[in-house]
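If you count the sequence shown from 1, position 38 lands on 42 in my numbering, and the numbers rise without skipping. Take a look at the structure set out below.
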Amino acid sequence: MKKQKWVEGSVVRINIGGGNFSYASLDKIPLIFFYDQIDKGDYSIERIVKQKVIFRIAVMEAPVKKGRWEIIGTYPVDPVQREKTLFAHNPVGSDEYNIVTADELKIPSTYEECEFMEPYAVWFPEHVEERLSDHFDGKPNKVMELNKIKPPFNR
5 MKKQKWVEGS
15 VVRINIGGGN
25 FSYASLDKIP
35 LIFFYDQIDK
45 GDYSIERIVK
55 QKVIFRIAVM
65 EAPVKKGRWE
75 IIGTYPVDPV
85 QREKTLFAHN
95 PVGSDEYNIV
105 TADELKIPST
115 YEECEFMEPY
125 AVWFPEHVEE
135 RLSDHFDGKP
145 NKVMELNKIK
155 PPFNR
């Protein structure tokens with residue numbers, strides 16, 4: 005694996021096992037958009053970036069910088085995708101809820117507003133690969149289930 009530089013707009017190919025690959029676009033560190041695309045590595049950047057974004061999350065930089073996720077090309081980041089990037093945050097042991105924007109602006113919120121949102125977390129590459137594999141296999145992901153926003157204690 006060769007070292008690579010995180011460059012906004014880079015498209016990466018992710019080996020999810022079984023000879024299958026999935027794809028994602030790099031945004032501002034550490035945000036990545038993951039596409040609803042799986043194949044055997046016969047990719048077209050134009051086809052990939054037209055697929056639905058299945059999730060947007062923060063990921064550690066290592067899989068990109070160390071070459072685990074190979075940069076296969078570039079395509080401008082869609083500003084609409086960035087605007088859609090919102091996370092739910094509920095500090096452990098707290099009944100406080102916030103919506104967090106891609107620019108890390110925290111907006112006070114409620115459990116009901118956050119319940120089905122992507123949790124505010126930074127993912128390890130192996131957990132992302134497992135989540136992608138589970139998505140394409142139609143299975144729930146155990147790491148995602150563990151990180152889901154919890155209801156208030158006093159409910």
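The C-beta atom is built at its ideal place from N, Cα and C for all residues, glycine as well. Keep in mind it's a predicted model, so treat the numbers as computed, not measured.
Exercise. Rank T114, K56, F120, G22 by C-alpha distance to the C-alpha of A28 and give the top, closest one.
Key: Position 24 of the sequence shown, counted from the start, is the residue given in the question as residue 28. When only C-alpha atoms are compared, the closest one is K56.
Quiz item: In three-state DSSP terms, what is V39?
Solution: Position 35 of the sequence shown holds residue 39. For the record, residue 39 in the displayed sequence is Tyr; it is not Val. Looking at Y39 - three-state DSSP - the assignment turns out to be strand.
Quiz item: M64 and P123: beta carbons closer than 8 Å?
Solution: Taking the sequence shown and counting its residues from 1, one reaches residue 64 at position 60. Taking the sequence shown and counting its residues from 1, one reaches residue 123 at position 119. Cβ distance not < 8 Å, so M64 and P123 don't count as in contact.
Quiz item: Opposite F91 in the DSSP bridges: which residues?
Solution: The residue labelled residue 91 in the question sits at position 87 within the sequence shown. F91 pairs with V104.
Exercise. Answer yes or no: do S26 and I18 have a C-beta to C-beta separation smaller than 8 Å?
Key: For the purposes of this step, residue 26 is taken as the residue at position 22 of the sequence shown. For the purposes of this step, residue 18 is taken as the residue at position 14 of the sequence shown. Contact flag set, yes.
Exercise. Could you tell me which residues DSSP pairs with F25 in its beta bridges?
Key: For the purposes of this step, residue 25 is identified with residue 21 of the sequence shown, where counting begins at 1. N19, D43, per the DSSP bridge assignment.
Exercise. For I20, count neighbouring Cβ atoms within 10 angstroms of its own Cβ and tell me buried if that reaches 16, exposed if not.
Key: For the purposes of this step, residue 20 is taken as residue 16 along the sequence shown, with counting starting at 1. Looking at its Cβ environment, which holds 16 or more other Cβ atoms inside 10 Å, I20 is buried.
Quiz item: Among V96, K88, N102, Y47, which residue has its Cα nearest to the Cα of I61?
Solution: Walking along the sequence shown from the start, residue 61 turns up at place 57. For the residues V96, K88, N102, Y47, the minimum Cα distance to I61 belongs to K88.
Practice problem: Indicate whether A92 and I75 have their beta-carbon atoms separated by less than 8 Å. | Solution: Stepping through the sequence shown from its first residue, residue 92 is reached at position 88. Stepping through the sequence shown from its first residue, residue 75 is reached at position 71. I75 sits away from A92, with the two beta carbons spaced by 8 Å or more.
Practice problem: Rounded to whole angstroms, what's the CA-CA distance from W73 to S48? Just pull it up for me. | Solution: Looking up residue 73 in the sequence shown gives position 69. Looking up residue 48 in the sequence shown gives position 44. When rounded, the distance between both Cα atoms is 16 Å.
Self-check item: Cβ neighbour criterion (16 or more within 10 Å) applied to I111
Solution: Here the question's residue 111 lines up with position 107 in the sequence shown. Counting the other CB atoms within 10 Å of its CB gives I111 a total below 16, which places it among the exposed residues.
Exercise. Run the CB neighbour count on S14, radius 10 Å, all protein chains shown included, and call it buried at 16 or more, exposed below.
Key: Taking the sequence shown and counting its residues from 1, the one referred to as residue 14 is at position 10. By the 10 Å Cβ count, S14 comes out buried.
Practice problem: Name, in chain order, the residues that DSSP records as bridge partners for S14. | Solution: As a working note, residue 14 is residue 10 in the sequence shown. In DSSP, S14 forms a bridge with T78.
Quiz prompt | Range of the contiguous alpha helix (DSSP H) that encloses R51 | solution = Looking up residue 51 in the sequence shown gives position 47. First-last of the alpha helix (DSSP H) with R51: 49-52.
Quiz item: Does the Cβ of V16 have 16 or more other Cβ atoms within 10 Å, making it buried, or fewer, making it exposed?
Solution: Working through the sequence shown from its first residue, we reach residue 16 at position 12. Per the 10 Å Cβ criterion, buried.
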